[in-house]
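Residue numbers for the sequence shown follow full-length UniProt numbering, so the first one is 1 and each next one is one higher. This report refers to the structure that appears directly beneath it.
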Amino acid sequence: MPFQQVIAEMPQEVYERLRTAVELGKWPDGRALTEEQKATSLQAVMAWQAQHLTDPEHMNIGADGNIVMKSKSELKRQFRDDASEIGRFDDL
1 MPFQQVIAEM
11 PQEVYERLRT
21 AVELGKWPDG
31 RALTEEQKAT
41 SLQAVMAWQA
51 QHLTDPEHMN
61 IGADGNIVMK
71 SKSELKRQFR
81 DDASEIGRFD
91 DL
């Protein structure tokens with residue numbers, strides 16, 4: 001099966017497990033990734049992000065294949081907008 005087809009059909013759960021393995025350098029069972037596994041997993045994670053993330057987060061891969069780097073003001077705006085979702089307990 002061609003690489004792009006594998007990426008297109010990869011479930012999000014598999015992507016998240018690969019991403020975590022690349023970030024930590026080990027599989028969920030604790031075994032360390034080999035250099036080849038690291039390289040292949042990182043390539044798969046980047047390809048999945050490029051194909052599936054419609055609004056990629058800061059430092060992820062966009063649809064054009066480039067790393068998304070948001071400006072400081074964009075990040076502040078994003079986190080300010082997210083602050084409205086925080087539960088507040090003022091009436092206690």
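In this text, a Cβ means the ideal position worked out from N, Cα and C, and glycines have one as well.
Query                                                                                                                                                             : Result
Determine, using beta carbons only, whether V6 and V22 come nearer to each other than 8 Å.                                                                        : no
Using beta-carbon positions only, say whether R19 and P28 come within less than 8 Å of one another.                                                               : no
DSSP on K76, reduced to helix/strand/coil?                                                                                                                        : helix
Nearest-angstrom Cα distance between G30 and Q37?                                                                                                                 : 14 Å
For the alpha helix (DSSP H) that K38 lies in, which residues bound it at each end?                                                                               : E35 to H52
Go ahead and label Q49 buried or exposed: buried means 16 or more other beta carbons lie within 10 angstroms of its beta carbon, across all protein chains shown. : buried
Compute the Euclidean distance between the alpha carbons of A8 and K26, then round it to the nearest angstrom.                                                    : 24 Å
Quick check: L53 and S41, are their CB atoms within less than 8 Å of each other?                                                                                  : no
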